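Residue numbers (the numbering used here), protein chains in the order written: chain A, 1 to 155; chain B, 1 to 304.
The C-beta atom is built at its ideal place from N, Cα and C for all residues, glycine as well.
Model, not experiment: these values are computed from the prediction.
Data first, discussion second: the structure below is written as structure tokens.
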Amino acid sequence: MMPQQTQRMPVTYPDDSTQEMALLGSSYSAVRVASLKYDSILEILEVELEEVLSELDPESVIALLDAAPETIFSDDEKIADDEQIEAFVLKVRQAVRSILAIEFLKQKREGMIRTGRLIGDAEFSARMGTKGPDSDLWLAACLRKPGETVVIRNG
Amino acid sequence: MDVPWTLAGFLLGIGSCIVGFWARRVTRQGLVVRCPIFVVLIMAEIAAVASGTIAWPMLMSMPVQTMALCFITGYSIGYSISDPGDGVAVDMIDGYNNSTAGILYTYFRDGRRYLMPQACWGCVKALVGARCPLHMDLQFARRTRTHKTSSRFLSAELTAYVAQSHTIVPDTVGLFKIWTSRKLDSEGNVVEIPRYLFRPKIEHHFIEFAQSTIEDPATFLVKTDTYHEALAEAAKAKARATRVEVEKNNAGYTSAAAIIEQMFALDIDGPEVEAELRRRIREIRKGGEDDDAAADAEDARNVS
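The structure is reproduced here in structure tokens:
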């Protein structure tokens, strides 16, 4: 008698939106809409940052960062007597502000999605307590990319 | 009836015909029944018949009634055969792109062209001064379209200039000035304001002829540059409109980005992103490539 071989079953994963719904629960729509808004603002900031950086001389920025970073990381309006230097430092400061805003928004977006995951998990737990672990979809969504907490697509 | 009375009737008819012929150039109605003078004549005849029946039988006598009949008939004939050339046939579109060909009766006064309303009361208003200006440049209109319709008994043909737009703007005009009031405005100047007894409504008619009316059929072939230029301008305008639309849609997000950028204190928050700034500068310096781990380490050293 031939030993029975375990047969590999094809597994179909749900699409991204279904996974997001399973993981975020009732917060899905709010998280999805807010995420799109975060993406729009982030895109604008990225474009602004690219424009500012393209107008700057990279060597000069590095030199200024090495020599006098306190000039950049300051809100002091009195920078220098030379208008060109003043304009250059203001542009670098604008780039720093854009980077700060991008980082801030990315953190906020991440936090929002984590909160949505918590809401989804709590709802799943409550449902499992009353109706049992009908968790194929939820497991598929969780196990597809283990460890990934952010599943919201960009755009 | 003897011969003198018959001759008198004929003379009266001819005279009234001349009067009608002249009146057509004054009241400018397409149909005599809309002419105010004709309406007054008919009302006078009705009043005469009523008065003759009730009080004065003389008014119902054969000579008086025959005289009235001759005058009204002669007036109608004279009015109808008069053709002062004041009718301009125009094929006009309405607000729904339906085309209606009709005759506009126009006249000139003080160098301006006016439209004579085809209604008894409108005609009276125009005659006392409430005229409807007609803005229609006929000097370049040279091509017409002929409308023809026929049935077993009737047929009609109308040759009209094709118009591409007909705009009517309502307005009012003062009639019979009774006094002028004077007031001081905010700057101390005396302002004279005329006061009128009536302010009847009028209409300004703006008629733009179609391109096919003012140009030959193949004119566009020799105007290629003009059309190409127009198309290019249209494309530019569309691009500008699209850009404005995009900016309008992004305005909220752009404002949000600007507000967030101003939330930070550079001396406190700025140093936290120094490494990121160095990374982006290095990307630009290397043309977008960022695979230099040594540079990362150098940035880390610089930041620390």
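| Asked | Found |
| --- | --- |
| Which of helix, strand or coil DSSP assigns to Pro84 (chain B) | coil |
| Given 8 Å, three or more beta-carbon pairs between the stretch 31-44 of chain A and the stretch 105-113 of chain A | yes |
| Classification of Glu233 (chain B) by the beta-carbon crowding that lies within 10 angstroms, buried from 16 upward | exposed |
| Three or more C-beta pairs below 8 Å linking the stretch 43-57 of chain A and the stretch 275-286 of chain B | yes |
| Cβ-Cβ separation, Val61 (chain A) to Val92 (chain A) (assumed contact under 8 Å), whole Å | 6 Å |
| Selection of the stretch 87-112 of chain A by Cβ proximity to chain B, strictly under 9 Å | Val92, Arg93, Gln94, Ala95, Val96, Arg97, Ser98, Ile99, Leu100, Ala101, Ile102, Glu103, Phe104 and Leu105 |
| Closer than 8 Å to chain B by CB, Glu77 (chain A) | no |
| Buried or exposed by the 16-neighbour rule on C-beta atoms within 10 Å, applied to Ser35 (chain A) | buried |
| Sequence-distant residues of its chain with Cβ nearer than 6 Å to Arg113 (chain B) (five each side left out) | Thr106 and Leu134 |
| DSSP three-state assignment for Glu103 (chain A), whether helix, strand or coil | helix |
| Bridge partner(s) assigned by DSSP for Gly102 (chain B) | B:Val90 |
| Straight-line Cα distance separating Gly122 (chain B) from Leu175 (chain B) | 14 Å |
| Neighbouring residues, chain A, relative to Asn250 (chain B) (Cβ below 7 Å) | Ile44 |
| Neighbour list for Val273 (chain B) in chain A, Cβ cutoff strictly below 8 Å | Val96, Ile99, Leu100 and Glu103 |
| Any C-beta of chain B under 8 Å from that of Ile41 (chain A) | yes |
| The stretch 231-246 of chain B: positions lying closer than 8 Å to chain C by Cβ | The structure shown has no chain C; the protein chains it does contain are A and B. |
| DSSP three-state assignment for Trp56 (chain B), whether helix, strand or coil | coil |
| Beta-carbon separation (whole angstroms), Met60 (chain B) vs Thr53 (chain B), contact threshold 8 Å | 6 Å |
| Cβ of Pro26 (chain A) within 8 Å of any chain B Cβ | At residue 26 (chain A) the sequence reads Ser, which differs from the Pro that was named. Output row for Ser26 (chain A): interface = no. |
| Residue-chain proximity (Leu64 (chain A), chain B), Cβ-Cβ < 8 Å | no |
| Chain B contact for Leu118 (chain A) (CB, 8 Å cutoff) | no |
| Cβ of Ser304 (chain B) within 8 Å of any chain A Cβ | Here Ser304 (chain B) scores only 48 on pLDDT, less than 50, and its place in the model should not be relied on; the value that follows carries that caveat. Not an interface residue. |
| Burial state of Leu105 (chain A), where buried means 16 or more other Cβ atoms lie within 10 Å | buried |
| Beta-carbon proximity list for Cys17 (chain B), same chain, < 6 Å, skipping 5 on both sides | Gly74, Ile77 and Gly78 |
| DSSP state of Ala218 (chain B) mapped onto helix, strand, coil | coil |
| Touching by the beta-carbon criterion (3+ pairs, under 8 Å), the stretch 147-154 of chain B and the stretch 206-226 of chain B | no |
| Members of the stretch 95-107 of chain B near chain A, C-beta cut-off 9 Å | none |
| Distance cut-off 7 Å: Lys91 (chain A) Cβ against heavy atoms of the ligand MN | This structure simply doesn't include the ligand MN, nor any ligand for that matter. |
| C-alpha gap between Leu184 (chain B) and Arg199 (chain B), whole angstroms | 24 Å |
| Contact set between Asp91 (chain B) and chain A, taken where Cβ atoms lie within less than 8 Å | Those do not exist, as Asp91 (chain B) stays about 52 Å from chain A at its closest Cβ, beyond 8 Å. |
| Glu306 (chain B) versus Ala68 (chain A) - alpha carbon distance | This structure cannot speak to residue 306 (chain B), because chain B is shown only from 1 to 304. |
| Strand pairing of Arg113 (chain B), partner residues [DSSP] | B:Phe108 |
| Per-residue DSSP class, three states only, for Cys35 (chain B) | coil |
| Three-state secondary structure (DSSP) of Tyr161 (chain B) | strand |
| Chain A within 8 Å of Ala218 (chain B), Cβ atoms only | no |
| Of the residues B:Ser186, B:Pro194 and B:Gly188, the one placed nearest Ile178 (chain B), counting alpha carbons only | B:Pro194 |
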